[in-house]
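Data block below; observations after.
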Amino acid sequence: MKIYKEKNYDEASKKAASIIAAQITLKPDSILGLATGSTPIGAYEKLVDSYKKGELDFSGITSINLDEYRGLSPEHDQSYRYFMNLHLFNHVNINKSNTFVPDGLEKDADKACRLYNSIIEKYGGIDLQLLGLGHNGHIGFNEPDTKFTCDTHCVDLTPSTIEANTRFFNSQAEVPKQAYTMGIRTIMQARRVLLMVTGEAKADILKKVLYGPVTPEVPASILQLHKHLYVVADEEAAKYL
Ligand code: F6R
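The opening residue of the sequence shown carries number 0 in numbering that gives the first Met the number 0; numbering runs sequentially from there.
Written out as structure tokens, the structure is:
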């Protein structure tokens, strides 16, 4: 494990972007595992800047995102596909047909998950997986549980997640109650993992994740077993490390 402690969010974003950029430069046909949420937005901005300066070429890149809400269309402004287009894909020369997000509109959950697993397998797994960290230690939508779930699966969102998401929708009734997420084994099989964590509110959980017991009750704690884990944190999140 390598931990980079950066001064603030902007510096952490620069560091995370530089690691992703190095991956793209060294292997122009990389398979990138990408995340949504507020944490990686700054890193995506830096990658877009590098692309605009002619420093990066996304034309050979394939991306496979971690998760998607079940029931949301790609055009819905809260879908993760929409997020990825907005923050990255629309601004770089990635071939959109090589960008994958679980199909939120597939009603048959088993089919949606099977299809996603087969895409990951077809591309030979992930070269670099970018992760954010939930306040409860979740990665993707792998929430605290009594066991680790290995492959892509459909999860029921917890009442607190539904509550927290209500602010993005017109009413609580519109908030998706389920999501499709990549499983823990797929994440662990990525050849490199980049965990980006910022803000004081995540300092406690980051310490537990990196130094506490490896347990499905803190899903990200399994990353302690990953051979190539890079943690990028700002000073606030890293204050107990
Ligand atoms: C996003 C994802 C989530 C987030 C996590 C942190 O695709 O899978 O696990 O990474 O909830 O979210 P933020 O960055 O908004 O604090």
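Note that beta-carbon positions come from the ideal geometry of N, C-alpha and C, so glycine has one too.
Remember, it's a predicted structure, so these values are computed and weren't measured experimentally.
Between Val196 and His225, the CB-CB gap reaches or exceeds 8 Å. Rounded to whole angstroms, Asn92 and Ala16 show a C-alpha spacing of 16 Å. Taking the CA atoms as reference points, Gln223 sits about 13 Å from Gly136.
Distances from the CA of Thr24 to each of Glu5, Phe99, Tyr50 were compared; the closest alpha carbon is that of Tyr50. Of the heavy atoms belonging to the ligand F6R, at least one sits nearer than 7 Å to the Cβ of Phe140. Distance between Phe99 and Lys110, taken at the CA atoms: about 15 Å. Spanning the alpha carbons of Phe147 and Tyr179 requires a straight line of approximately 15 Å.
Rounded to the nearest whole angstrom, the CA to CA distance from Pro212 to Asp144 is 14 Å. Taken in chain order, the complete alpha helix (DSSP H) segments of 4 or more residues contained in the stretch 194 to 238 are 202 to 210.
Scanning the stretch 140 to 200 from its first residue to its last, the whole beta strand (DSSP E) runs of 3-plus residues come out as 152 to 155, 177 to 180, 191 to 196. By the neighbour-count criterion, in which 16 or more other beta carbons inside 10 Å mark a residue as buried, Phe167 falls on the exposed side. Using a Cβ distance threshold of 8 Å, Gly139 and Leu33 do not count as a contacting pair. In this structure, the C-beta of Ser37 approaches the ligand F6R to less than 7 Å from one of its heavy atoms.
Taking a C-beta distance under 8 Å as the contact criterion, Val208 and Tyr3 do not qualify as a contact pair.
The straight-line gap separating the alpha-carbon atoms of Thr185 and Ala108 is approximately 18 Å. Around the beta carbon of Glu162, fewer than 16 other beta carbons lie within 10 angstroms, which makes this residue exposed.
Annotation: the continuous alpha helix (DSSP H) that includes Ile19 extends over 8 to 25.
Annotation: the continuous alpha helix (DSSP H) that includes Ser117 extends over 108 to 121. Proximity of the beta carbon of Leu132 to the ligand F6R is indicated: a heavy atom of the ligand is located closer than 7 Å.
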